[in-house]
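Chemist: Attaching a single structure in structure tokens format; questions to follow.
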Amino acid sequence: MSTALPAPVREVLLVDDDPGDRALIAEAWSIHQLPARLHTTVDGADALAFLHRQPPYDQAPRPDLILLDLNMP
Amino acid sequence: MLAEIKTDPRLCAIPVVVLTTSADPGDFTASYTAHANAYITKPRDLTDLSRIVLGIYRFFGETARVPGPAPAAEHDGDGGVSPPDDPDKVPGPRPVRLLLWQPFTAATVAPLRHALTARLAAAGLTGDAAFDFVAAVHELVTNAVRHGGGHGRLELSLQERTLICSISDHGRGASGLPAGPPPNDRPGGRGLYLARQLTGALLIDQRGDGVTATVTVELPAAG
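Protein sequences appear in the order of chains G and L. Residue numbers for the first sequence, in the working numbering: 1308 to 1380. Residue numbers for the second sequence, in the working numbering: 5 to 227.
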């Protein structure tokens, strides 16, 4: 066996402008106690700041997966 | 947004799941054309959504291979040697459950404190232990606002029975840092000392672009 295991998904970025949907997804995340951190951003600009590590996300990790709501303005 | 991710060479390898209330076939096609990795219509109730979220995680987290961190950006410079696996334990990290993640400024310190108290209570930390922990975190948050550039970020997570709260700021560095005994009668300098007294466990990670202070507390035994 080598070390070529699948890269685990540890950091997940959620982009959703609907506070209710964000809360629902965070709740679903909690229910299953998924072993990944769910980071939440509220619109495209916020998400790009996170992805490019601009303030206030200077220390944001690079996400392994992005969940993107398409209905955003 | 999808196009901006998928046309950026630094970001395009990250899988994107479009999760939307739209069932419009045009959106569906457009998303895949723009290289979405999956398109899922978001259900409105928690049970269905919860099932879908688990399905997404199982697929991308446990079934599919994903690119993983960019080589230049990761691993915090501890020398790069991973600790040996404990053969008695199942592989993988202990599950960490994120309870709260919240940027803050001076104006939101009070609501943040309330949110933290509520999450701690929901996790099972109440009474004096919760009061002390909230007080410690409040000191760190106040410290970040005063010395750390006026804003910061709080993250509360639960790993097994340990509550972990990290407060990150963007301070220029050492202005708030000494965590030893406080200077006499200088309230503003006491945050770290007080946090340590209240929790007994305080970790400070200082980097070029800010400071992260982490305090932990064990949940009381169940029952």
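Ideal placement from N, C-alpha and C gives every residue a C-beta, glycine not left out.
Which same chain residues, not among the five before or five after L:CYS169, have their C-beta less than 6 Å away from its C-beta?
Modeler: Along the second sequence, read from residue 1 onward, the residue named residue 169 of chain L stands at position 165. Around L:CYS169: VAL141, LEU160 and VAL219.
Chemist: Closer than 6 Å to a non-hydrogen atom of the ligand ADP - does that hold for the CB of L:VAL57?
Modeler: Annotation note on the ligand ADP: not contained in the displayed structure, which lists no ligands.
Chemist: Give the straight-line distance between the Cα atoms of G:PRO1362 and L:LEU158, rounded to the nearest whole angstrom.
Modeler: Indexing the first sequence from 1 puts residue 1362 of chain G at position 55. Indexing the second sequence from 1 puts residue 158 of chain L at position 154. C-alpha separation (whole angstroms): 14 Å.
Chemist: Name the DSSP bridge partner or partners of L:TYR43?
Modeler: If you number the second sequence from 1, residue 43 of chain L lands on position 39. Bridge partners of L:TYR43: L:VAL22.
Chemist: Relative to chain G, which residues along the region 21-38 of chain L have a C-beta separation below 7 Å, given in chain order?
Modeler: VAL21, VAL22, LEU23, THR24, THR25, SER26, ASP31 and SER35
Chemist: Quick check on the burial criterion: 16 or more other C-beta atoms within 10 angstroms. Buried or exposed for G:GLY1327?
Modeler: Indexing the first sequence from 1 puts residue 1327 of chain G at position 20. It is exposed - the Cβ of G:GLY1327 has fewer than 16 other Cβ atoms within 10 Å.
Chemist: If I'm right that G:HIS1339 touches G:LEU1320 with Cβ under 8 Å, what's the distance once you round it to whole angstroms?
Modeler: Translated into positions along the first sequence, residue 1339 of chain G becomes position 32. Translated into positions along the first sequence, residue 1320 of chain G becomes position 13. The Cβ separation is near 18 Å, so there is no contact.
Chemist: Please state whether the Cβ-Cβ distance between G:ALA1343 and G:ARG1317 is less than 7 Å.
Modeler: For the purposes of this step, residue 1343 of chain G is taken as the residue at position 36 of the first sequence. For the purposes of this step, residue 1317 of chain G is taken as the residue at position 10 of the first sequence. Yes, Cβ-Cβ distance for G:ALA1343 and G:ARG1317 is below 7 Å.
Chemist: Could you please give the first and the last residue of the uninterrupted alpha helix (DSSP H) stretch that includes L:GLU8?
Modeler: Walking along the second sequence from the start, residue 8 of chain L turns up at place 4. That run of the alpha helix (DSSP H) goes 6-10.
Chemist: Return the CA-CA distance between L:VAL145 and G:ASP1323, expressed in angstroms with no decimal places.
Modeler: Taking the first residue of the second sequence as 1, we reach residue 145 of chain L at position 141. Taking the first residue of the first sequence as 1, we reach residue 1323 of chain G at position 16. Cα to Cα, the separation comes out at about 26 Å.
Chemist: Grouping DSSP H, G and I as helix and E and B as strand, with all else coil, what is L:ALA38?
Modeler: As a first step, residue 38 of chain L must be located in the second sequence, where it is residue number 34. L:ALA38 falls in the coil class under three-state DSSP.
Chemist: Figure out for me which residue from G:ILE1332, G:SER1337 and G:ASP1325 has the closest Cα to the Cα of L:ARG123.
Modeler: By 1-based counting over the second sequence, the position of residue 123 of chain L is 119. The shortest Cα separation from L:ARG123 among G:ILE1332, G:SER1337 and G:ASP1325 belongs to G:SER1337.
Chemist: Helix or strand or just coil, what does DSSP make of L:LEU129?
Modeler: Within the second sequence, the letter at position 125 stands for residue 129 of chain L. If DSSP states are grouped into helix, strand and coil, L:LEU129 belongs with coil.
Chemist: Within a Cβ cutoff of 7 Å, which residues of the same chain sit near L:TYR36, ignoring the five residues on either side of it in sequence?
Modeler: The sequence position of residue 36 of chain L within the second sequence is 32, counting from 1. Non-local beta-carbon contacts of L:TYR36 in its own chain, meaning distances under 7 Å to residues more than five positions away in sequence, involve TYR43 in chain order.
Chemist: For L:TRP105, which beta-bridge partners are listed by DSSP?
Modeler: On the second sequence, position 101 is the one that residue 105 of chain L refers to. Its beta-bridge partners are L:GLU159.
Chemist: In chain L, which residues lie with their C-beta within 7 Å of the C-beta of G:PRO1362?
Modeler: In the first sequence, the residue the question calls residue 1362 of chain G occupies position 55. Within chain L, the residues near G:PRO1362 are HIS174.
Chemist: Strictly below 9 Å CB to CB, what residues from chain G border L:ARG123?
Modeler: In the second sequence, residue 123 of chain L corresponds to position 119, counting from 1. In chain order: nothing, as chain G lies at least about 10 Å away.
Chemist: Relative to chain L, which residues along the region 1326-1349 of chain G have a C-beta separation below 9 Å, given in chain order?
Modeler: ASP1328, LEU1331, ILE1332, ALA1333, GLU1334, ALA1335, TRP1336, SER1337, ILE1338, HIS1339, GLN1340, LEU1341, PRO1342, ALA1343, ARG1344, LEU1345, HIS1346 and THR1347
Chemist: Once you ignore the five residues that flank L:CYS16 on each side, which residues in its own chain have a CB closer than 6 Å to its CB?
Modeler: Looking up residue 16 of chain L in the second sequence gives position 12. Taken in chain order, the residues that qualify are LYS10.
Chemist: Spatial neighbours of L:ILE56 within its chain, please: C-beta separation below 7 Å, excluding the five flanking residues on both sides.
Modeler: Taking the second sequence and counting its residues from 1, the one referred to as residue 56 of chain L is at position 52. Taken in chain order, the residues that qualify are ILE44 and PRO47.
Chemist: Let's see if you can read the secondary structure: which residues bound the beta strand (DSSP E) around L:ALA217?
Modeler: Looking up residue 217 of chain L in the second sequence gives position 213. It spans 214-222 - the beta strand (DSSP E) in which L:ALA217 sits, taken as one unbroken run.
Chemist: Give a yes or no on whether the C-beta atoms belonging to L:ALA38 and L:ALA7 are separated by under 7 Å.
Modeler: Within the second sequence, numbered from 1, the residue matching residue 38 of chain L stands at position 34. Within the second sequence, numbered from 1, the residue matching residue 7 of chain L stands at position 3. It is a contact, given that the beta carbons lie within the stated cut-off.
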